[in-house]
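J.: Here it is: the structure, laid out below.
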Amino acid sequence: MLTQAWILRSTISLSTVSRVYVSCVESRSLGWDTSQQSVDFSLSDPRATEAALICTNRTATVPERQTVIANFLAALDAVTPLVMRQKYAAVINGTGNTTVYAFGECMKDLDATDCNLCFAQCKTQILRCLPFQLATRGGRLFYDGCYLRYDDYNFFNETLSTQDKTICASRDFSGGNKTVFSANVLALVRNLSVLAPKNDGFFVGSVDRGNVSVFGLGQCWEFVNGSACETCLTNAVSEIGSCTPKEEGRVLNAGCYLRYSTHKFYNNSSSPSRGNKGEMGLLQFCFRLAIILAVTSSSLALALIAATAAFFVRRRVAEKKRVRKELGPESLLVYEYVPNQSLHDYFFGCYLISKCAKKKLPPLSWAMRLYEAIDPVLEGNFQEEEASRLLQIGLLCVQASPELRPSMSIIIRMINNNHEVPQPTQPPFLTPAGMEIRQPGSTYKSQLESCTQSSGNSMTQSLSEPR
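Everything in the sequence shown is counted per the working numbering, starting at 102 for the first residue and increasing by one.
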């Protein structure tokens with residue numbers, strides 16, 4: 102076969118290579134099945150556009166506020182990694198009247214990157230409900246790409262509530278017959294309310310009749326399923342009818358989300374391929390094509406492979422630029438976009454140490470020499486035990502392994518003397534073996550769990566089972 106491949110060489114012009122390569126690249130934008138799988142190469146966006154912020158007027162009593170705030174922080178800390186991993190999370194933290202229930206979920210058509218971006222923004226903006234200043238007991242924030250809610254009761258299976266909202270656009274539809282438009286909207290949302298409960302609580306679609314197109318999305322939250330999902334969306338259909346002939350409408354219920362629009366705002370696939378998976382699908386197709394062409398021209402195959410490699414290099418550079426653009430000037434505030442989720446803890450540790458020392462510390466400063474780090478000006482005017490404890494907290498925050506760094510909620514409790522301050526681990530370069538000293542089962546997280554169990558605010562329960 103190899104002999105035949107070399108004998109069957111033919112002269113094929115470079116224009117043929119260009120046409121073949123362009124067809125390979127075009128398959129990316131058209132979403133063709135190039136690897137015997139359904140591969141969608143469209144670039145989505147996080148849809149981090151606020152639809153509504155709803156805050157309760159209930160606040161914690163003064164004696165309960167500190168505990169409620171600590172439970173709120175711990176609940177959000179627990180929700181974040183679960184949402185990053187599975188696109189939804191439900192967490193219960195605390196006991197008695199200070200318990201905090203938290204839930205977060207992304208729209209199922211978003212990929213993992215866009216989900217994380219949207220949810221990180223959501224966590225930042227829900228603080229406008231003033232959970233720290235007033236210890237507000239509940240709040241919910243609807244984005245077009247994700248949802249976050251916390252409250253003082255178990256709302257995970259809640260379908261409807263008195264705080265549900267209907268949001269209509271300010272402008273009327275102007276692209277054709279308004280009567281046809283309204284009819285298309287009602288037909289679309291009715292179909293979504295029927296099909297979503299039968300398809301894991303999610304469905305997208307469009308109606309195009311009378312030269313008028315309408316696009317829609319319906320989703321029930323993870324623990325609102327079956328008949329409850331259908332009930333929620335049926336209610337949303339009756340409410341969203343009041344928006345027509347406005348060009349866009351949303352219903353934001355406790356258990357579901359329904360939206361229609363004159364433009365396509367969703368992704369076709371519930372798990373859109375992006376990054377490496379999409380690249381692999383396209384690469385497999387191009388590689389197979391190169392093998393076929395190698396039978397007729399080895400030089401053509403080499404040219405095709407070189408062109409494909411150049412394409413992927415340019416595509417990855419463009420992708421990095423796109424992500425940087427999405428993060429924007431406030432990207433440092435989106436801590437959850439960092440995989441280890443501890444960047445803010447690390448910065449806080451650096452800040453705490455520098456404030457105590459008032460000088461640049463040598464790189465090998467360690468807990469055994471904490472007294473050397475104190476500003477000499479303060480000599481005799483401070484409590485050595487307090488300074489040592491603060492520096493120890495700072496060193497905990499800048500440990501080499503992100504897994505060993507405490508969360509901000511734990512740091513606050515340490516500063517307020519409500520939590521034990523464990524000894525930091527030594528930097529890896531100070532140990533004889535060149536690695537961190539870790540006894541089996543003695544990582545900071547295990548210490549943290551044992552301390553939390555005796556704190557009285559400790560019950561953290563994650564509900565992550567699928568429907």
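Each residue gets a CB set at the ideal place from its N, CA and C atoms; glycine is no exception.
Predicted model only: the values in this text are computed from it and were never measured.
Could you check what DSSP says for Phe204 in three-state terms: helix, strand or coil?
T.: strand
J.: By DSSP, does Val308 sit in helix, in strand, or in coil?
T.: It is a strand residue.
J.: For Arg291, I'd like the list of residues in its chain whose CB is within less than 7 Å of its CB, leaving aside the five on either flank, ordered along the chain.
T.: Val338
J.: Should Gln234 be labelled buried (16 or more other beta-carbon atoms within 10 Å of its own) or exposed?
T.: exposed
J.: Please report the straight-line C-alpha distance between Cys605 and Arg238, rounded to a whole angstrom.
T.: Summary: the structure shown does not reach residue 605, with the chain confined to residues 102 through 568, and so no result is reported for it.
J.: Taking the CB atoms as reference points, tell me whether Val201 and Ala176 lie closer together than 7 Å.
T.: yes
J.: Check whether the stretch 160-177 touches the stretch 260-270, taking contact to mean three or more Cβ pairs, one atom from each stretch, closer than 8 Å.
T.: no
J.: Return the residue from the list Ala149, Ala191, Leu497, Pro182 that minimises the CA-CA distance to Asn258.
T.: It is Ala191 whose Cα lies nearest to the Cα of Asn258.
J.: Is the stretch 341-352 touching the stretch 266-281 in the sense that three or more CB pairs, one from each, lie closer than 8 Å?
T.: Three or more pairs of CB atoms, one per stretch, sit closer than 8 Å, so the stretch 266-281 contacts the stretch 341-352.
J.: Just tell me which of Asn369, Thr335, Tyr361, Lys279 has its CA closest to the CA of Leu318.
T.: Tyr361
J.: Ser314 lies in the beta strand (DSSP E); which residues open and close that run?
T.: 313-321
J.: Compare the beta carbon distance of Phe303 and Leu296 with 7 Å and say whether it is the shorter of the two.
T.: No Cβ-Cβ contact shorter than 7 Å links Phe303 with Leu296.
J.: Under three-state DSSP, which class holds Ala297?
T.: helix
J.: Please identify the residue among Phe256, Thr335, Ser275 whose C-alpha is closest to the C-alpha of Leu293.
T.: Thr335
J.: At the level of alpha carbons, what is the spacing between Val352 and Leu249?
T.: Each residue's CA atom was taken as its position, placing Val352 and Leu249 some 16 Å apart.
J.: Just checking my contact of Ala203 with Val180 at CB under 8 Å: how many whole Å lie between their CB atoms?
T.: 5 Å
J.: With distances taken Cα to Cα, identify the nearest neighbour of His364 among Val286, Ser328, Ala153.
T.: Val286
J.: Rounded to a whole number of angstroms, what is the C-alpha to C-alpha distance between Pro147 and Leu218?
T.: 6 Å
J.: I need the straight-line Cα distance from Val501 to Leu492, nearest angstrom please.
T.: In the sequence as displayed, the identity of residue 501 is Ala instead of Val. Spanning the two alpha carbons is a distance of roughly 16 Å.
J.: Just list the residues that DSSP pairs Tyr254 with in beta bridges.
T.: Paired residues: none, contrary to the question.
J.: Of all the alpha helix (DSSP H) runs that stay within the bounds of the stretch 326-356, which reach a length of 4 or more residues?
T.: 328-341
J.: To which residues of the same chain is Phe243 closer than 6 Å at the C-beta, ignoring the five residues directly before and after it?
T.: Ala152, Ala153, Leu353
J.: Kindly indicate which residue of His520, Ser275, Thr280 has the alpha-carbon position closest to the one of Arg310.
T.: Comparing Cα positions, the closest option is Thr280.
J.: Grab me the residues of Leu211's own chain with a C-beta within less than 6 Å of its C-beta, minus the 5 sequence neighbours each way, in chain order.
T.: Gly246
J.: Please report the straight-line C-alpha distance between Ser343 and Ser283, rounded to a whole angstrom.
T.: Straight-line Cα distance between these residues: approximately 10 Å.
J.: To the nearest angstrom, how far is the alpha carbon of Ile512 from that of Ile494?
T.: 7 Å
J.: Which partner residues does Ile268 have in the DSSP bridge list?
T.: Arg351
J.: In the DSSP assignment, the beta strand (DSSP E) including Val192 goes from what residue to what residue?
T.: 189-194
J.: What are the boundary residues of the alpha helix (DSSP H) that includes Gly495?
T.: 485-498
J.: Excluding sequence positions up to five away, which residues of its chain have a Cβ less than 6 Å from the Cβ of Pro298?
T.: Cys330, Glu331
J.: What are the start and end residues of the alpha helix (DSSP H) that includes Ile513?
T.: 509-516
J.: Could you check which residue in Ile193, Arg159, Tyr189 has the C-alpha nearest to that of Leu174?
T.: Ile193
J.: Could you tell me if Ser275 is buried or exposed, where buried requires 16 or more neighbouring beta carbons within 10 angstroms of its beta carbon?
T.: exposed
J.: Comparing C-alpha positions only, which one of Phe316, Pro232, Thr150 sits nearest to Asn369?
T.: Phe316
J.: Output the distance between the C-alpha atoms of Ala149 and Ala161, rounded to the nearest integer angstrom.
T.: Taking the straight line from one Cα to the other gives about 30 Å.
J.: If you count every other CB in all the chains shown that lies within 10 Å of the CB of Ala236, and 16 or more means buried, which is it?
T.: buried
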